[in-house]
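When the sequence shown is numbered by our numbering, its final residue is 475 and no position is left out of the sequence of numbers. Down below is the structure, laid out as structure tokens.
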Amino acid sequence: MKLIYKLHLSFGILLVCVLVLTATFVYPLLMDTLINNQREELRSQGSAMMELVNSLPVQDLTPSQSAAAIVQPAQEINRSVDALLIEPNRNILFSTMTEAQTQTWLPLIEQHSSHNQPGLWENGQEKYIVETLTSNPQNLDPASAVTAATLVLSTPLSKVKSYQSELFTRMMFIMVIGGIIAFGLSLFITKRLVTPLEKLKLELKKVEKRQFDEVQLIQTGGEIGEVAQSVHHLAGELKQYHHAQRQFFQNASHELKTPLMTIQGYAEGIRDGIFTGDRADNGLDVISSECERLKGIVTEMILLAKLESEDGIFDQEEVSVEQLIDKTADRIRPLAINERVDIKINYEVDNPRKLHIHGDSEKLLQAVLNIMSNAIRHASQAVDIEISERDGQVQIDVIDDGQGIPDQLLPQLFQRFIKGKNGETGLGLAISRAIVERCDGTISAHNGEQGGAIFRMSFPSK
């Protein structure tokens, strides 16, 4: 099932569950609320009527038109409310019910009078909401037999249930309409969310098929937009990687084929007697030289493969930057003398001995040697080594005064078998990059404003 259908189904089920749970809890709560409101209404009506009863002289509390005039105005408020005003001796002063109904209520009043609590009274098959109030006449004659009057107000529970059903039906209708609107909005929002994902899936299919040139950037925001940018960037990186891999195999084939063809040519010439005497000796020297060159290329290829894949070949330790630069200068000085290039070391810190980085000292030495030897081969007169510390980073700059790096070579300078003028195997800078990155550092190269090339290595300071 597609994601968009799963989201629609999930939201629909969630919406139905919410409606069912709401109906389950609201229905009885609505009944309780209506009953409480009805009791408040009965209590309010009863209080208004009892104020009139309490203000009358006791002789007027008789079944006469005066009592009816007291109760009738309050009864006009709600026709569904029945009122019964009686004395303790069951003398009925006023009743809105028929004689038969009144007689059925008298036993109920006596039964509940001892509890003096309102509630739901059962009268036959019907339940009623009942409120009782007792009068306290002000001008009561002590010799009178009338001591007080009790007002009983009642309304059928069936009326409240009908209100409950009507209100609940309206509420559910409104909730269903709201649910339909919410579901429609969810369809729209879900489509807005899922559509970029579906497009992103198609772009990932292109990556899977290695159609990197056809991968498009999905224009959207939020986290999906970030993922889309990452996928687009990944496609670009994979494109470069595959291009580098193809170029590597082409260059490796060329680099290995050239010495092998030379070796084969001289070997066959010596075997067939074409080269004899001094020419044969010279051919053997060429074969030996090409074998050494071939051995060097294979050794560096194996080293580079290990640097990029194996973890156990690095012995991480704290390395003194000052000692690293001094060792490099000592080893590279013969080459500098041979090329007639001066080496200058400049520390832009107060105490160089405090500069330390984390890495494999021997491999870092090899990385810096590769960079410096490359600079010496391309320098005119001098190579400057500048060491500084900025923002928690130890920075080592190797600067030569040569012709600089060709612009077309800069983007792929640290790839395998990329050689410039006077280059050797084309693996030295790639090895340096692998070593620096495995030591949590970065390496870059650019041309200086005054000419020459600048190689910059940065490491976290320890």
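Quick reminder that beta carbons are idealized off the backbone N, C-alpha and C, glycines included. Every value quoted in this text rests on a predicted model; they were computed, and no experiment measured them.
Can you check which of these residues, 331, 402, 184 and 229, is closest to residue 43 by C-alpha distance? Position 30 of the sequence shown, counting from 1, holds the residue named residue 43. For residue 43, the nearest C-alpha among the options comes from 184.
Comparing alpha-carbon positions, which option in 347, 383, 133 and 471 lies nearest residue 407? Along the sequence shown, one-based indexing puts residue 407 at 394. Ranking 347, 383, 133 and 471 by CA distance to the CA of residue 407 puts 471 first.
What residue range is occupied by the uninterrupted beta strand (DSSP E) comprising residue 96? The sequence position of residue 96 within the sequence shown is 83, counting from 1. The continuous beta strand (DSSP E) containing residue 96 extends over residues 95 to 99.
In the DSSP assignment, find the unbroken alpha helix (DSSP H) run with residue 194 in it and report its ends. In the sequence shown, counting from the first residue as 1, residue 194 sits at position 181. 170 to 221 is the extent of the alpha helix (DSSP H) around residue 194.
Between which residues of its own chain and residue 188 is the CB-CB distance below 7 Å, once the five residues before and five after are set aside? As a first step, residue 188 must be located in the sequence shown, where it is residue number 175. Closer than 7 Å at the Cβ level, and outside the excluded window around residue 188, lie 32 and 35.
Please state whether DSSP places residue 422 in a helix, a strand or coil. Against the sequence shown, residue 422 aligns to sequence position 409. In the three-state scheme derived from DSSP, where H, G and I count as helix and E and B as strand, residue 422 is classed as coil.
Can you tell which of 229, 250 and 252 has the C-alpha that lies nearest to the C-alpha of residue 241? Translated into the one-based positions of the sequence shown, residue 241 becomes position 228. Selected option, being the one with the closest Cα: 229.
Below 8 Å between beta carbons: does that hold for residue 440 and residue 274? The residue labelled residue 440 in the question sits at position 427 within the sequence shown. The residue labelled residue 274 in the question sits at position 261 within the sequence shown. Residue 440 is not a Cβ neighbour of residue 274, given a cutoff of 8 Å.
Within 8 Å, strictly: CB atoms of residue 333 and residue 369: If you number the sequence shown from 1, residue 333 lands on position 320. If you number the sequence shown from 1, residue 369 lands on position 356. Yes.
Going by DSSP in three states, residue 464 sits in which element: helix, strand or coil? Position 451 of the sequence shown, counting from 1, holds the residue named residue 464. If DSSP states are grouped into helix, strand and coil, residue 464 belongs with coil.
Residue 115 - DSSP class collapsed to helix/strand/coil: Taking the first residue of the sequence shown as 1, we reach residue 115 at position 102. Reduced to three states, the DSSP call for residue 115 is helix.
Within the stretch 346 to 409, ranges of the alpha helix (DSSP H) (whole runs, at least 4 residues): The qualifying runs are 374 to 391.
Less than 6 Å between C-beta atoms, sequence neighbours within five positions excluded: which residues of the same chain meet that for residue 140? As a position in the sequence shown, residue 140 is number 127, starting the count at 1. So the qualifying residues of the chain are 133 and 170.
Check whether the stretch 299 to 319 touches the stretch 347 to 356, counting contact only when three or more Cβ pairs, one atom from each stretch, lie closer than 8 Å. Touching, no.
Nearest to residue 267 (by Cα), restricted to the options 311, 235 and 239: Your numbering for residue 267 matches position 254 in the sequence shown. The shortest C-alpha separation from residue 267 is found at 311.
Counting pairs of Cβ atoms below 8 Å between the stretch 456 to 467 and the stretch 416 to 429, do you hit three or more? The stretch 456 to 467 makes contact with the stretch 416 to 429: 3 or more CB pairs, one atom from each, lie closer than 8 Å.
Within 10 Å of its beta-carbon, does residue 55 have 16 or more other beta-carbons around it, so buried, or fewer, so exposed? Position 42 of the sequence shown, counted from the start, is the residue given in the question as residue 55. It counts as buried.
Considering only the beta carbon of each residue, do residue 382 and residue 356 sit closer than 8 Å? The sequence position of residue 382 within the sequence shown is 369, counting from 1. The sequence position of residue 356 within the sequence shown is 343, counting from 1. Residue 356 sits away from residue 382, with the two beta carbons spaced by 8 Å or more.
Take the Cβ of residue 279 as the centre, count every other Cβ of all protein chains shown within 10 Å, and call the residue buried at 16 or more, exposed below. Counting from one through the sequence shown, the residue named residue 279 turns up at place 266. Buried, since its Cβ has 16 or more Cβ neighbours within 10 Å.
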